[in-house]
Amino acid sequence: NAGVMQNPRHLVRRRGQEARLRCSPMKGHSHVYWYRQLPEEGLKFMVYLQKENIIDESGMPKERFSAEFPKEGPSILRIQQVVRGDSAAYFCASSPPDGGGDTQYFGPGTRLTVL
Amino acid sequence: DQQVKQNSPSLSVQEGRISILNCDYTNSMFDYFLWYKKYPAEGPTFLISISSIKDKNEDGRFTVFLNKSAKHLSLHIVPSQPGDSAVYFCAASDITQGGSEKLVFGKGMKLTVNP
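First to last, the protein sequences are chains W and Z. For the first sequence, position 52 (counting from the first letter as 1) is numbered 52 according to the working numbering, and the numbering increases by one without interruption. Offset between the second sequence (1-based) and the working numbering: plus 1000.
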């Protein structure tokens, strides 16, 4: 099954450490989206990337958060100096390059816990 | 500000009956709507979608209705099955000036189908 893959599934960090979340899109997909879900909330858009380009980062916090989608390899969401409020489920989604961006297919998520 | 609203946090129905999940939106620029189903500790799974040029889309037991004038859509599941028990998210596609196609999610509604 060549679905969207995310790793790790669970990540525990202490305050001040860095968190790196990885996402491999579905085969043939070149659009990647990152969403965050806080407890009892819906998913909130963070960033939209295509290969080597950030298209929309309007949902990204201004500090400590960054994302990339290199030419080779997975997309990375990086959170520096994590704080307890960063604890959430982070979902990656992908869509094909041919204008099918309306339907996004999600990975299983990474659950980040900051101690 | 919540642009996509799912005002009922939960719904309980008997197996075999119809489940009706409602969703309201405020942004008249939304032109594509989706329903996702989510089990605990998993990512959202795409269920069904509808374009704003249609008022109904059907796929097996699932039908989505769109009332653009009321900015309202609903998901009908009939007959409901215990395996349908999950959290259902309504989402709208927000195409921005830069060509981004981010999804705006409601907070979700927990459906329980009792045997």
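Backbone N, C-alpha and C define an ideal beta-carbon position, used for all residues, glycine too.
Using the Cα positions of residue i and residue j, report the straight-line distance between them to the nearest angstrom.
i                 : j                  : result
valine 4(W)       : valine 1104(Z)     : 20 Å
methionine 60(W)  : tyrosine 35(W)     : 9 Å
aspartate 1031(Z) : glycine 1016(Z)    : 32 Å
valine 1013(Z)    : glutamine 1081(Z)  : 9 Å
valine 1087(Z)    : isoleucine 1020(Z) : 13 Å
glutamate 41(W)   : glutamine 81(W)    : 24 Å
lysine 62(W)      : proline 1079(Z)    : 46 Å
aspartate 86(W)   : proline 74(W)      : 22 Å
leucine 115(W)    : tyrosine 90(W)     : 17 Å
glutamine 6(W)    : isoleucine 1095(Z) : 25 Å
serine 95(W)      : arginine 15(W)     : 33 Å
serine 1049(Z)    : glycine 28(W)      : 21 Å
cysteine 1109(Z)  : lysine 1054(Z)     : First, the amino acid is wrong: residue 1109(Z) is methionine here, not cysteine. One C-alpha to the other measures close to 24 Å.
leucine 1111(Z)   : serine 1085(Z)     : 5 Å
histidine 1076(Z) : serine 1008(Z)     : 15 Å
isoleucine 55(W)  : leucine 1066(Z)    : 29 Å
arginine 1072(Z)  : serine 1028(Z)     : Here residue 1072(Z) is histidine; the residue named in the question, arginine, does not match the sequence. Using only the alpha carbons, I get a separation of about 11 Å.
Under 8 Å between C-beta atoms, does residue i make it to chain Z?
i                : result
glutamate 52(W)  : no
glycine 42(W)    : yes
proline 108(W)   : yes
proline 86(W)    : Here the sequence assigns aspartate to residue 86(W), which means proline is not the residue at that position. For aspartate 86(W), the answer is no, since every Cβ of chain Z falls outside 8 Å of its Cβ.
threonine 113(W) : no
tyrosine 90(W)   : no
glutamine 104(W) : yes
Leaving out the 5 sequence neighbours to the left and right, which residues in its chain are closer than 8 Å to residue i when beta-carbon positions are compared?
i             : result
arginine 9(W) : Pro108, Gly109, Thr110 and Arg111
Between residue i and the rest of its own chain, which residues show a CB-CB distance below 7 Å, the 5 nearest in sequence each way excluded?
i               : result
arginine 20(W)  : Ile76 and Arg78
leucine 1047(Z) : Trp1035, Tyr1036, Lys1037 and Phe1062
proline 1040(Z) : none
valine 83(W)    : Arg15 and Val114
Less than 7 Å separating the Cβ of residue i from some heavy atom of the ligand MN?
i                 : result
glutamate 1015(Z) : Ligands displayed in this structure: none; no statement on the ligand MN is therefore possible.
Within 10 angstroms of its Cβ, does residue i collect 16 or more other Cβ (buried), or is it exposed?
i                : result
valine 12(W)     : exposed
tyrosine 1025(Z) : buried
valine 1113(Z)   : buried
lysine 1102(Z)   : buried
proline 1115(Z)  : exposed
If I measure Cβ to Cβ from residue i and keep anything under 6 Å in the same chain, skipping five residues before and after, which residues do I get?
i                 : result
serine 1051(Z)    : Tyr1032
leucine 38(W)     : Ala88
glutamate 52(W)   : Lys71
alanine 1092(Z)   : Val1004, Tyr1025, Phe1030, Phe1033 and Val1104
aspartate 1059(Z) : Ile1048
Measure from the C-beta of residue i to each C-beta in chain W and report whether the shortest distance is under 8 Å.
i              : result
lysine 1071(Z) : no
Self-check item: Residues of the region 1032-1065 of chain Z whose Cβ lies closer than 9 Å to any Cβ of chain W, in chain order
Solution: Tyr1032, Leu1034, Tyr1036, Lys1038, Ala1041, Glu1042, Gly1043, Pro1044, Thr1045, Phe1046, Ser1049 and Ser1051
Practice problem: Check each residue of the region 1017-1032 of chain Z: if its Cβ is closer than 7 Å to any Cβ of chain W, include it; give the result in chain order. | Solution: Tyr1032
Self-check item: Cβ-based contacts, 9 Å cut-off: residues of the region 1083-1112 of chain Z near chain W
Solution: Phe1089, Cys1090, Ala1091, Ser1093, Asp1094, Ile1095, Thr1096, Gly1098, Gly1099, Ser1100, Glu1101, Lys1102, Leu1103, Val1104, Phe1105, Gly1106, Lys1107 and Gly1108
Practice problem: Can you give me, in chain order, the residues of the region 61-81 of chain W that have a beta carbon less than 9 Å from any beta carbon in chain Z? | Solution: none
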